[in-house]
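Trainee:
Number of protein chains: 2
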Amino acid sequence: MLSDALLDAIRDEGVMRRVLKRGVSEIIVESEFVERLQGGRPLRLKMGFDPSATDIHLGHAVGLRKLRQLQDLGHKVVLIVGDWTAQIGDPSGRSATRPMLTAEQVRENAATYMAQFFKIVDRDRTETRWQSEWFGDFSLADVIRLTSRFTVAQFLARDDFASRFKANQPIAITELLYPLLQAYDSVAIESDVEFGGTDQMFNLLVGRDLQGMMGQTPQQCFLMPLLPGTDGVQKMSKSLGNYIGIDEPANEIYGKAMSLPDSQILPYSEYLTDVVDDEIEEMRLALDGGSVNPMELKKRLARELVTQFHDLEAAREAERHFERTVQGGGVPEDMPEHALPPAETLAGMRLSRLLVDAALASSAGEARRLISQGAVQIDGERVSDDSTAGVKAGVVLRAGRRRYVRLV
Amino acid sequence: MLSDALLDAIRDEGVMRRVLKRGVSEIIVESEFVERLQGGRPLRLKMGFDPSATDIHLGHAVGLRKLRQLQDLGHKVVLIVGDWTAQIGDPSGRSATRPMLTAEQVRENAATYMAQFFKIVDRDRTETRWQSEWFGDFSLADVIRLTSRFTVAQFLARDDFASRFKANQPIAITELLYPLLQAYDSVAIESDVEFGGTDQMFNLLVGRDLQGMMGQTPQQCFLMPLLPGTDGVQKMSKSLGNYIGIDEPANEIYGKAMSLPDSQILPYSEYLTDVVDDEIEEMRLALDGGSVNPMELKKRLARELVTQFHDLEAAREAERHFERTVQGGGVPEDMPEHALPPAETLAGMRLSRLLVDAALASSAGEARRLISQGAVQIDGERVSDDSTAGVKAGVVLRAGRRRYVRLV
Numbered sequence: 005m006l007s008d009a010l011l012d013a014i015r016d017e018g019v020m021r022r023v024l025k026r027g028v029s030e031i032i033v034e035s036e037f038v039e040r041l042q043g044g045r046p047l048r049l050k051m052g053f054d055p056s057a058t059d060i061h062l063g064h065a066v067g068l069r070k071l072r073q074l075q076d077l078g079h080k081v082v083l084i085v086g087d088w089t090a091q092i093g094d095p096s097g098r099s100a101t102r103p104m105l106t107a108e109q110v111r112e113n114a115a116t117y118m119a120q121f122f123k124i125v126d127r128d129r130t131e132t133r134w135q136s137e138w139f140g141d142f143s144l145a146d147v148i149r150l151t152s153r154f155t156v157a158q159f160l161a162r163d164d165f166a167s168r169f170k171a172n173q174p175i176a177i178t179e180l181l182y183p184l185l186q187a188y189d190s191v192a193i194e195s196d197v198e199f200g201g202t203d204q205m206f207n208l209l210v211g212r213d214l215q216g217m218m219g220q221t222p223q224q225c226f227l228m229p230l231l232p233g234t235d236g237v238q239k240m241s242k243s244l245g246n247y248i249g250i251d252e253p254a255n256e257i258y259g260k261a262m263s264l265p266d267s268q269i270l271p272y273s274e275y276l277t278d279v280v281d282d283e284i285e286e287m288r289l290a291l292d293g294g295s296v297n298p299m300e301l302k303k304r305l306a307r308e309l310v311t312q313f314h315d316l317e318a319a320r321e322a323e324r325h326f327e328r329t330v331q332g333g334g335v336p337e338d339m340p341e342h343a344l345p346p347a348e349t350l351a352g353m354r355l356s357r358l359l360v361d362a363a364l365a366s367s368a369g370e371a372r373r374l375i376s377q378g379a380v381q382i383d384g385e386r387v388s389d390d391s392t393a394g395v396k397a398g399v400v401l402r403a404g405r406r407r408y409v410r411l412v
Numbered sequence: 005m006l007s008d009a010l011l012d013a014i015r016d017e018g019v020m021r022r023v024l025k026r027g028v029s030e031i032i033v034e035s036e037f038v039e040r041l042q043g044g045r046p047l048r049l050k051m052g053f054d055p056s057a058t059d060i061h062l063g064h065a066v067g068l069r070k071l072r073q074l075q076d077l078g079h080k081v082v083l084i085v086g087d088w089t090a091q092i093g094d095p096s097g098r099s100a101t102r103p104m105l106t107a108e109q110v111r112e113n114a115a116t117y118m119a120q121f122f123k124i125v126d127r128d129r130t131e132t133r134w135q136s137e138w139f140g141d142f143s144l145a146d147v148i149r150l151t152s153r154f155t156v157a158q159f160l161a162r163d164d165f166a167s168r169f170k171a172n173q174p175i176a177i178t179e180l181l182y183p184l185l186q187a188y189d190s191v192a193i194e195s196d197v198e199f200g201g202t203d204q205m206f207n208l209l210v211g212r213d214l215q216g217m218m219g220q221t222p223q224q225c226f227l228m229p230l231l232p233g234t235d236g237v238q239k240m241s242k243s244l245g246n247y248i249g250i251d252e253p254a255n256e257i258y259g260k261a262m263s264l265p266d267s268q269i270l271p272y273s274e275y276l277t278d279v280v281d282d283e284i285e286e287m288r289l290a291l292d293g294g295s296v297n298p299m300e301l302k303k304r305l306a307r308e309l310v311t312q313f314h315d316l317e318a319a320r321e322a323e324r325h326f327e328r329t330v331q332g333g334g335v336p337e338d339m340p341e342h343a344l345p346p347a348e349t350l351a352g353m354r355l356s357r358l359l360v361d362a363a364l365a366s367s368a369g370e371a372r373r374l375i376s377q378g379a380v381q382i383d384g385e386r387v388s389d390d391s392t393a394g395v396k397a398g399v400v401l402r403a404g405r406r407r408y409v410r411l412v
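Encoded structure:
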């Protein structure tokens with residue numbers, strides 16, 4: 005049972021409003037959830053992750069912060085390492101099954117993930133479970149029982165399946181198993197509440213249904229809004245390159261936050277900081293009325309984010325760095341250096357390759373995009389083609405606003 | 005390797021025509037099949053059965069006779085006891101999964117089935133395998149690998165799935181597993197040829213594809229025509245009640261064969277007897293020209309069938325019985341007796357109930373149908389309602405043409 009102090013907090017109207025409304029799209033079924041939350045029994049809050057993708061970005065943080073709020077009210081997170089569903093992959097339309105990760109890779113990836121996860125979520129109120137605990141011994145008979153409970157039509161009604169089916173894009177039969185396995189996780193850990201983005205609603209509801217069919221009390225579903233990436237438009241995702249990783253250096257987090265369109269200042273502040281509601285409302289009024297420079301509010305947001313994932317000192321330093329380099333237009337004092345290859349190698353080298361080697365771009369594709377966007381400079385001169393003409397020791401190579409090296 | 009004598013037989017044009025054409029709808033791919041058949045290596049001829057349905061009727065016999073012909077040419081039948089697919093059931097639109105049979109039931113049913121199977125198929129050239137040999141240890145990883153090779157759209161293109169999907173009838177996800185498991189059987193036993201009715205073509209082709217994907221030489225598919233039942237219209241099936249079981253008493257087989265519409269004399273003779281092609285052609289001409297009473301040809305067919313599943317003596321006796329009872333309109337000498345219940349019980353009893361008790365109908369539903377069709381007589385008087393009025397000791401109760409009891 006939860007302590008009286010926690011129960012008092014849980015029953016506090018302000019706390020409940022923050023937990024149930026802020027950064028939440030929908031709760032299915034809200035009234036049942038509140039009843040369970042206030043019932044006095046610590047709830048089991050299900051959160052799964054795919055160990056083939058180990059980076060946590062702000063898009064994930066929206067939900068993880070919600071978990072932390074609920075932990076602070078005495079509830080327990082059950083973190084599921086999706087070492088089986090990772091082999092299938094939630095449908096992306098590209099490949100039906102992924103190469104099987106080795107047990108060693110899964111362990112390494114899980115460790116990488118958890119190091120980030122526990123920056124937000126309280127490790128002491130978390131139970132970690134591996135899907136292999138229940139799927140390792142899963143038999144064909146278990147698969148038959150599981151698949152017999154749902155119809156093909158039910159699953160093809162899911163938005164992404166429906167559109168792919170209509171467009172004659174292949175859907176492997178395996179992909180129908182994905183929601184079923186995720187649903188069975190809820191049964192295996194006796195989940196009280198599952199958390200996911202609004203695009204996960206179907207999967208969460210299958211879990212809810214399956215628990216009911218298997219004699220458990222159906223879980224509540226907590227649907228989080230999808231956070232737009234730094235482009236302000238598309239859902240934040242690593243593959244789109246519009247993400248802010250919570251494990252990135254302070255200067256990166258700060259700089260990327262400053263690159264957000266102004267329209268994202270309020271949603272980011274609401275979903276990702278503890279700035280109180282009244283203040284956010286004041287920010288809204290000030291922005292609407294033009295009485296504040298959005299840059300100032302964005303700097304506050306950037307500081308809040310760096311403070312959260314590093315600390316206050318790092319936030320202040322990142323702000324100074326930003327003001328010096330980007331706002332001042334200058335170059336930083338502590339510029340990294342990159343050693344040029346021998347002249348004969350350099351002569352046959354594309355600039356895009358050099359940008360990758362110097363860690364100014366993550367791929368040749370990104371490098372070429374930066375060049376074509378005019379975002380690459382050599383000693384302050386914009387470069388327009390993918391050539392290393394003009395490159396020599398001593399010059400500063402710059403990609404975008406915030407990445408530099410001095411070539412040596 | 006097959007003996008020279010067998011190879012000579014296999015290469016005989018007349019033999020090949022009989023094996024490849026008579027009672028065969030389609031061979032996929034015929035040229036490859038002939039090449040393999042004549043290659044000198046005994047082929048593995050896959051034949052599966054569902055141990056939840058143990059009765060072999062003439063519809064099955066068409067394929068089993070083909071197996072026997074190929075055995076006589078030196079090839080080997082691999083009989084698969086479908087103890088796993090039986091749990092799913094090939095889609096009928098009614099129920100997605102069947103109750104799991106106990107291991108004991110499966111053994112009993114398999115024994116019942118095989119006692120009939122080996123009336124046609126040569127036991128010495130048969131290897132019996134159980135699906136549980138490979139599916140008993142089938143893991144979730146195996147299921148994932150298997151399901152990743154085919155798409156939902158491929159499977160929904162199968163006729164029965166397509167029409168059910170279109171009609172919004174439920175298709176359990178499990179049902180998509182059925183063709184996959186049957187296909188995996190081909191891999192497990194390294195099938196060279198699989199046999200099935202034309203309605204099984206999809207499943208057989210999935211087996212062929214899967215073998216290719218898994219590095220085996222794809223099996224050939226031998227598609228048998230679907231035999232109409234005794235109504236001459238619908239596919240013979242136990243559930244439709246239009247079947248002739250190969251294990252039925254001689255009089256039943258004979259009588260049911262005599263009830264066939266004339267249109268079935270030639271197909272039945274072609275698919276189910278060894279009457280040579282030339283004679284069948286003569287029968288066709290005689291029927292077309294009206295130079296023969298179809299009854300005579302049907303009697304020959306009935307004799308051939310009883311001889312096959314009992315013996316010649318039984319066939320002659322069944323013919324005499326038929327002539328005496330049905331053709332003569334009389335009642336048989338050796339009429340079975342049925343003891344009436346006490347008068348007070350009888351008074352409150354429906355006639356349909358009495359028909360079931362006297363084994364003249366298999367269910368009250370069938371009994372009521374017989375009554376409403378005017379097929380029930382008491383001492384030669386047609387009965388029109390479901391009442392036991394007129395029933396008393398000494399009278400003959402008759403249902404249809406060939407079932408009688410004397411009430412005592």
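So the protein lines, in turn, are chains A and B. The opening residue of the first sequence carries number 5 in the numbering used here; numbering runs sequentially from there. The opening residue of the second sequence carries number 5 in the numbering used here; numbering runs sequentially from there. Note that the Cβ used here is the ideal one computed from N, Cα and C, for glycine as well.
Residues of the region 43 to 67 of chain B with a CB closer than 7 Å to any CB of chain A: list them in chain order, please.
Mentor: Result list empty, no residue passes.
Trainee: With 7 Å as the limit, tell me which residues of the region 290 to 312 of chain B have their beta carbon closer than that to any beta carbon of chain A; keep them in chain order.
Mentor: Against chain A - using a Cβ distance shorter than 7 Å - the region 290 to 312 of chain B contributes no residues.
Trainee: Could you tell me which residues DSSP puts in a beta bridge with L401 (chain B)?
Mentor: For L401 (chain B), which the question treats as bridged, DSSP gives the partners B:I382, B:V409.
Trainee: Can you give me the Cβ contacts of E246 (chain A) inside the same chain, cut-off strictly under 7 Å, excluding the 5 residues immediately before and after it?
Mentor: Looking at the sequence provided, one finds Asn at residue 246 (chain A) rather than Glu. Once the five neighbours on either side are set aside, the close Cβ partners of N246 (chain A) are G233, T234, D235, Q238, M240.
Trainee: Please list the partners that W1 (chain B) has in chain A, where partner means a Cβ-to-Cβ separation under 8 Å.
Mentor: Since the first residue shown for chain B is 5 and the last is 412, residue 1 (chain B) is missing from the structure and cannot be characterised.
Trainee: How far does the alpha helix (DSSP H) with I257 (chain A) in it reach, from first residue to last?
Mentor: That run of the alpha helix (DSSP H) goes 254 to 262.
Trainee: Which word fits V280 (chain A), buried or exposed, when buried means at least 16 other C-beta atoms lie within 10 angstroms of its C-beta?
Mentor: V280 (chain A) comes out exposed.
Trainee: Which residues in the same chain as S263 (chain B) place their Cβ atom closer than 8 Å to its Cβ, once the five residues preceding and following it in sequence are excluded?
Mentor: The residues are T234, R405.
Trainee: Cβ closer than 7 Å: which chain A residues qualify as neighbours of Q91 (chain B)?
Mentor: Under the 7 Å cutoff, chain A gives I148.
Trainee: Give a yes or no on whether the C-beta atoms belonging to D141 (chain B) and V110 (chain B) are separated by under 7 Å.
Mentor: No, these two residues do not count as a Cβ contact at 7 Å.
Trainee: Can you tell which of B:H314, B:Y408, B:P345 has its C-alpha closest to the C-alpha of A363 (chain B)?
Mentor: Measuring from the Cα of A363 (chain B), the nearest candidate turns out to be B:Y408.
Trainee: Within a Cβ cutoff of 8 Å, which residues of the same chain sit near V330 (chain B), ignoring the five residues on either side of it in sequence?
Mentor: Cβ within range, chain order: G259, M262, R405, R406.
Trainee: Can you name the residues that DSSP bridges to T130 (chain A)?
Mentor: T130 (chain A) pairs with A:V81.
Trainee: Check the Cβ of I177 (chain A) against every Cβ in chain B and list those closer than 9 Å, keeping chain order.
Mentor: Chain B residues near I177 (chain A): L150, T151, S152, R153, F154, T155, V156, Q158, F159, I177, L180, L181, L184.
Trainee: Against L144 (chain B), what residues of chain A qualify as contacts under a CB-to-CB distance less than 7 Å, listed in chain order?
Mentor: Correct list: W88, F139, F142, V147.
Trainee: Alpha carbon to alpha carbon, how far is G352 (chain B) from N255 (chain B)? Give it in angstroms, no decimals.
Mentor: So the alpha carbons of these two residues sit roughly 34 Å apart.
Trainee: What separation, rounded to the nearest whole angstrom, lies between the Cα atoms of R402 (chain B) and I382 (chain B)?
Mentor: Rounded to whole angstroms, R402 (chain B) to I382 (chain B) spans 6 Å at the Cα level.
Trainee: Hey, which unbroken runs of the beta strand (DSSP E) at 3 residues or more fall wholly within the region 219 to 285 of chain B?
Mentor: Segments of the beta strand (DSSP E) lying fully in the region 219 to 285 of chain B: 224 to 228.
Trainee: Touching or not, the region 365 to 380 of chain B and the region 294 to 310 of chain B, by the rule of three or more beta carbon pairs under 8 Å?
Mentor: Cβ pair count under 8 Å is below three, so no.
Trainee: Closer than 8 Å, Cβ to any Cβ of chain B: which residues of the region 198 to 231 of chain A, in chain order?
Mentor: Residues passing the 8 Å Cβ filter: none.
Trainee: With a threshold of 8 Å, are at least 3 pairs of Cβ atoms found where one atom belongs to the region 130 to 149 of chain B and the other to the region 116 to 134 of chain A?
Mentor: The answer is no - the region 116 to 134 of chain A does not touch the region 130 to 149 of chain B, with fewer than three Cβ pairs under 8 Å.
Trainee: In this structure, how does DSSP classify G211 (chain B) when only helix, strand and coil are distinguished?
Mentor: Looking at G211 (chain B) - three-state DSSP - the assignment turns out to be helix.
Trainee: Rounded to whole angstroms, how far is the Cβ of H79 (chain A) from the Cβ of L47 (chain A), which I believe are closer than 8 Å?
Mentor: H79 (chain A) to L47 (chain A), Cβ: 4 Å. Contact.
Trainee: Considering only the alpha carbon of each residue, which of B:Y275, B:E323, B:D54, B:A397 lies closest to S136 (chain B)?
Mentor: Closest by alpha carbon: B:D54.
Trainee: Taking only beta-carbon positions, decide if P174 (chain B) is within less than 7 Å of chain A.
Mentor: For P174 (chain B), the answer is yes, since a Cβ of chain A falls inside 7 Å of its Cβ.
Trainee: If you count every other CB in all the chains shown that lies within 10 Å of the CB of R21 (chain A), and 16 or more means buried, which is it?
Mentor: Classification for R21 (chain A): exposed.
Trainee: Answer yes or no: do A397 (chain B) and L359 (chain B) have a C-beta to C-beta separation smaller than 7 Å?
Mentor: No. Outside cutoff.
Trainee: Chain B partners of F169 (chain A), CB-CB under 9 Å?
Mentor: Chain B residues near F169 (chain A): V156, A157, L160.
Trainee: Indicate the three-state DSSP secondary structure (helix, strand or coil) for S29 (chain B) in the structure shown.
Mentor: Residue state, collapsed to three classes: coil.
Trainee: DSSP puts K123 (chain B) in a beta bridge; with which residues?
Mentor: According to DSSP, K123 (chain B) bridges with nothing at all.
Trainee: Looking at I248 (chain A) and L62 (chain A), is the spacing between their C-beta atoms short of 7 Å?
Mentor: Yes.
Trainee: State the start and end residues of the unbroken beta strand (DSSP E) segment that holds L11 (chain A).
Mentor: From DSSP, L11 (chain A) is part of no beta strand (DSSP E) but of the alpha helix (DSSP H) over 8 to 14.
Trainee: Find out if the Cβ-Cβ distance for the pair Q204 (chain B), R212 (chain B) is shorter than 7 Å.
Mentor: Cβ distance not < 7 Å, so Q204 (chain B) and R212 (chain B) don't count as in contact.
Trainee: Just reading off the alpha helix (DSSP H) that V310 (chain A) is part of, what are its end residues?
Mentor: Its alpha helix (DSSP H) spans residues 298 to 313.
Trainee: Just how far apart, CA to CA, sit D8 (chain A) and E317 (chain A)?
Mentor: Their backbone Cα atoms lie some 37 Å apart in a straight line.
Trainee: Is T116 (chain A) closer than 7 Å to T58 (chain A) when the C-beta atoms are compared?
Mentor: Yes, these two residues count as a Cβ contact at 7 Å.
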